[in-house]
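The listed protein sequences correspond, in order, to chains A and B.
So the first sequence is numbered by the numbering used here: it starts at 1 and just counts up by one.
So the second sequence is numbered by the numbering used here: it starts at 1001 and just counts up by one.
Don't be surprised by glycine CBs; every beta carbon is placed ideally from N, CA and C.
Because the structure is a prediction, the values reported are computed rather than measured.
There are 2 protein chains.
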Amino acid sequence: MGIAERKEREKAQKKDAIIDAAEKVFFAKGYENATMDEIAEEAEYSKGTIYLYFKNKEELYIAISGRSADIFYDLLKEEIDKGKNGKEKLDGIKKAYLRVFLEHPNQMQAILHASRYPAITDKMLNDETTRMQVQEKQQKLQGLILSAITMAIEDKSAPELASIKKEDLMMTFLGGGILLEGMYKHMFDIRDFCEKYYNIKPEVLIKAAYSLLKF
Amino acid sequence: MGIAERKEREKAQKKDAIIDAAEKVFFAKGYENATMDEIAEEAEYSKGTIYLYFKNKEELYIAISGRSADIFYDLLKEEIDKGKNGKEKLDGIKKAYLRVFLEHPNQMQAILHASRYPAITDKMLNDETTRMQVQEKQQKLQGLILSAITMAIEDKSAPELASIKKEDLMMTFLGGGILLEGMYKHMFDIRDFCEKYYNIKPEVLIKAAYSLLKF
DNA sequence: TCAAAAACTGACCAAAGGTCATATGATGAA
DNA sequence: TTCATCATATGACCTTTGGTCAGTTTTTGA
Chain A
1 MGIAERKERE KAQKKDAIID AAEKVFFAKG YENATMDEIA EEAEYSKGTI
51 YLYFKNKEEL YIAISGRSAD IFYDLLKEEI DKGKNGKEKL DGIKKAYLRV
101 FLEHPNQMQA ILHASRYPAI TDKMLNDETT RMQVQEKQQK LQGLILSAIT
151 MAIEDKSAPE LASIKKEDLM MTFLGGGILL EGMYKHMFDI RDFCEKYYNI
201 KPEVLIKAAY SLLKF
Chain B
1001 MGIAERKERE KAQKKDAIID AAEKVFFAKG YENATMDEIA EEAEYSKGTI
1051 YLYFKNKEEL YIAISGRSAD IFYDLLKEEI DKGKNGKEKL DGIKKAYLRV
1101 FLEHPNQMQA ILHASRYPAI TDKMLNDETT RMQVQEKQQK LQGLILSAIT
1151 MAIEDKSAPE LASIKKEDLM MTFLGGGILL EGMYKHMFDI RDFCEKYYNI
1201 KPEVLIKAAY SLLKF
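Below, the structure written as structure tokens:
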């Protein structure tokens, strides 16, 4: 009975095709200015059909964001795995962030939006399933980062971190994640502004910020 | 001829009253879910009148954001002025951020939105006047922060910063601002999440992040 | 061959930001 | 006091857009 499977496969393909089309429109116009009509046209389906595959605009965007998170995850894992000790793994994190930042700006924005763009997150809060999906991806990313920081503290390859009290360890993992993620996200928000008004390449600023970190 | 002045005063008062009403609605419902009809009702004017005082929804929100930035500025200046050397001034910045974060969360959100909420910033980009207003407030805030970091580096009260090359100074100011601001903003984005799912008070996490900074 | 199920369509609806012709009220000169 | 003028205010109305659903077309399997 290959028919049921074939149908499922086709359905998944169609869903993917819709995500492709939506990605084009969202990345070109931004979330607000992208309309479902335009996405439907790009996908070569009627609007009603789009709503057969996705509950609403938010869910469609979340799907794009999920894809983007996967790209980031692979990149992050790649760079972390290159590191032979905790310190090097931390450097890997920095490098991976810099790479998404530079090589996949649209994807990075999609990842950010999924967790902090109220127009998107508001509806998500009322949808357990979608929320769990997003949370899962986030935790996968966080897990990678936190384990690298843990290792850097525990294997003492980053002597700058030695002064941290052991009982503060767990907090520090999380704090470190917040610090780094926050910096990159903020940098992302202001990148255009930086280039336009200060004429400074964002990666230069990021490197300056690095010099203020203990690790 | 007091009449012209009186009229101008009255106009300013009315504008303020509208901002008050809008603030209530925006802070209670969030930007997206607040409607102009509801704001008009709260202000006890018709919708048309609101549009006599503010070009659009964005501009109204920006006005609230401007007020919020003033509150933050005062707080920041107060804490920085308390510091007797560069190092203490840096601590003042941290404390000020923590205070807005804890004491004026809605205001902090409004400040953030003005510079990075696409629904708001998109329209702003096409309006030179509004954009300049926002930029001016931002630069006032940045100026305070950057001068404290400068002092901390130059008066050597923060020996941790001594290793920074002099020619990188300017970059480092900006990088430092990005680091701190980014952390706080990110922390702000995830504060509810932190409390709800990790049962960790955000200020504890911020302190953990501090321990990873050189200063 | 055909009825039932699945996939698809697009006219339609409702919400919300924004406009404008009209009305109301204050001002100042005659 | 009267009246023309200008500023202020109103709310019906317009447009856009996310979302729905009754009806049509296509696929399936007996």
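- Around aspartate 1122 of chain B, the same chain offers no residue with a beta carbon nearer than 6 Å, after the five sequence neighbours per side are excluded.
- DSSP, read as helix, strand or coil, puts leucine 1213 of chain B in strand.
- Counting C-beta atoms within 10 angstroms of its own C-beta, serine 1115 of chain B has 16 or more neighbours from the protein chains shown and is therefore classed as buried.
- Taking 8 Å as the threshold, the shortest C-beta distance from glycine 83 of chain A to chain B does not fall below it.
- Closest in C-alpha terms to valine 1134 of chain B, from the list B/Asp1037, B/Tyr1061, B/Leu1102, B/Met1187, comes B/Tyr1061.
- Residue-level contact by beta carbon holds for arginine 1116 of chain B and chain A, with a gap shorter than 8 Å.
- Look at the stretch 28–43 of chain A: the residues with a C-beta under 8 Å from a C-beta of chain B are Gly30, Tyr31, Glu32, Asn33.
- Annotation: Cβ neighbours of methionine 1187 of chain B in chain A (cutoff 7 Å, chain order): Ile178, Gly182.
- If you check the CB distance, histidine 113 of chain A and isoleucine 1178 of chain B do not come in under 8 Å.
- Just measuring C-alpha positions, the residue of B/Ala1162, B/Ala1110, B/Gln1142, B/Leu1212 sitting nearest isoleucine 1080 of chain B is B/Gln1142.
- Selection A/Pro118, A/Leu205, A/Tyr117 evaluated against leucine 98 of chain A yields A/Leu205 as nearest (Cα-Cα).
- Non-local C-beta neighbours of lysine 1137 of chain B in its own chain, meaning closer than 7 Å and more than five positions away in sequence, comprise Gly1066, Ala1069, ordered along the chain.
- Between glycine 1086 of chain B and aspartate 1155 of chain B, the C-beta spacing is below 8 Å.
- The beta carbon of isoleucine 1153 of chain B sits closer than 6 Å to the beta carbons of Leu1161 from its chain, once the five residues preceding and following it are set aside; these are given in chain order.
- For isoleucine 39 of chain A, the enclosing alpha helix (DSSP H) begins and ends at 36–43.
- With a 10 Å radius around the Cβ and a threshold of 16 neighbouring Cβ atoms, glutamine 1109 of chain B comes out buried.
- The C-alpha of glutamate 44 of chain A is placed about 24 Å away from the C-alpha of alanine 4 of chain A.
- Non-local beta-carbon contacts of leucine 1076 of chain B in its own chain, meaning distances under 6 Å to residues more than five positions away in sequence, involve Ala1096, Leu1144 in chain order.
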